[in-house]
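Numbering (the working numbering), first residue to last: 180 to 521. Positions of the beta carbon are idealized from the N, C-alpha and C atoms, including for glycine. Predicted, not measured: the structure shown is a model, and the values here were computed from it. Written below as structure tokens is the structure these notes are about.
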Ligand code: KG4
Ligand code: ZN
């Protein structure tokens, strides 16, 4: 079923307001992103009510300027993130997207945020072919998924407690670094010496693909309490923490690729920006004949293009959502199905 124009995607699940226009034949026509990082920085984390208000402030002006720039008066469809995410933040995107689709009388689709992330690598160059294993490592998720096609996802493993990015953020706090903590910890780790501290590699000696980062966090806290007054020790702790996370992720990725019987691994989510993680996965991939894809950071973190993209794929298959929108702050990825239910 072809649409009469590009699909407008709206992403407001957390602390980025993202909008984009995606055309199945021409790709991403344009996009806009407003990050709330500075707004939340002084609180050391995302404040849900402030996030919602900021989405209210920025969403419609961003959509207007995007449509103007692309010379589009009426898109062929509208897709919005319906979950998972912060309820108030999701409602802003859902209500604006539904109202616009209704006023334009074009198809509307509620999109799962993680499906957006899983398929975003297809927008990169080179794009991976199906099937592949995706490692999603962000502030909210640590997930290994076998991706066989649109709506055909098998969760291989996920975290039992903290997400990898969350562990970076908490360790940053312990070390007195700012928010978001991942880049700050990574920078400090560059000055650290390897081998002075050694932290546990959570769950790598047990079979299976689940992750757990809370024990590692406690080990780091103990080291900071004992040695944190000394600047070089803080850098050494950051280094040892980063190495523990990277090795844990590497071991699980290796197992996941073997378990799924594929030779392609895609890494997405903010932690995918970590240099040490990139280098060790690429080195392993080159050794073991696994193609490792790191889409550009702008596609890995939250954005409107990934929602417009999934929306366009599913709308083209005839899938539609009703005008009476709902949001799903908790929405298991395992509930997703291929278009048509197959
Ligand atoms: O995907 P993302 O931008 O947002 C969501 O969580 O949805 O991921 C943000 C997370 C934060 O926890 C941040 O600390 C982490 O990614 N991060 C990093 C790096 N850059 C961002 N972690 C480690 N090393 C980095 N270079
Ligand atoms: Zn996300």
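Every beta strand (DSSP E) stretch that sits fully inside the stretch 446-492 and reaches 3 residues is listed by chain position as 470-472.
In the DSSP assignment, residue 358 forms no beta bridge with any residue. Annotated as distal: residue 392 and residue 419, with beta-carbon spacing of 8 Å or more. Counting only runs of 3 or more residues that sit fully inside the stretch 297-350, the beta strand (DSSP E) segments are 311-316, 321-328 and 331-337, in chain order. Short note on residue 481: C-beta closer than 7 Å to some heavy atom of ligand 2. Distance from the C-beta of residue 345 to the nearest heavy atom of ligand 1 is below 7 Å. For residue 269, no beta strand (DSSP E) run applies; the uninterrupted alpha helix (DSSP H) run containing it begins and ends at 266-283, by DSSP. Note on residue 372: under 16 other CB atoms within 10 angstroms of its CB, so exposed under the neighbour-count rule. Around the beta carbon of residue 204, fewer than 16 other beta carbons sit within 10 angstroms, so the residue counts as exposed.
Exposure of residue 284 is indicated by the presence of fewer than 16 other C-beta atoms within 10 angstroms of its C-beta.
Under the 10 Å beta carbon count, residue 216 is surrounded by fewer than 16 other beta carbons and is classified as exposed. The count of Cβ pairs closer than 8 Å, one atom from the stretch 213-228 and one from the stretch 183-201, reaches three, so the stretches are in contact. When the five nearest sequence neighbours on each side are left out, the beta carbons in the same chain lying within less than 8 Å of the beta carbon of residue 267 are those of 227, 228, 230 and 231, in order along the chain.
Non-local C-beta neighbours of residue 298 in its own chain, meaning closer than 8 Å and more than five positions away in sequence, comprise 326, 329, 485, 488, 489 and 492, ordered along the chain.
Taking all protein chains shown into account, residue 467 has fewer than 16 neighbouring C-beta atoms within 10 Å of its C-beta and is therefore exposed.
A residue is called buried when at least 16 other Cβ atoms come within 10 angstroms of its Cβ; residue 240 does not meet this threshold and is exposed.
Contact between residue 210 and residue 483 holds: CB atoms are separated by about 6 Å, below the 8 Å threshold. Burial state of residue 401 is exposed, judged by a 10 Å Cβ sphere holding fewer than 16 other Cβ atoms. A heavy atom of ligand 2 is found nearer than 7 Å to the CB of residue 296. For residue 207, the three-state secondary structure derived from DSSP is strand. For residue 443, DSSP records a beta bridge to 470.
For residue 389 and residue 383, the gap between their C-alpha atoms comes out near 9 Å.
Taking the Cβ atoms as the reference, residue 305 lies roughly 26 Å from residue 494, outside the contact range of under 8 Å. Contact between residue 235 and residue 271 holds: CB atoms are separated by about 6 Å, below the 8 Å threshold. Residue 273 places its beta carbon 8 Å or farther from that of residue 257.
Non-local C-beta neighbours of residue 480 in its own chain, meaning closer than 6 Å and more than five positions away in sequence, comprise 449, ordered along the chain. At least one heavy atom of ligand 2 is found less than 7 Å from the C-beta of residue 317. Out of 508, 185, 438 and 188, the CA that lies nearest to the CA of residue 335 is found in 438.
The beta carbon of residue 469 lies closer than 6 Å to those of 436, 442 and 444 in the same chain, with the five residues before and after it left out.
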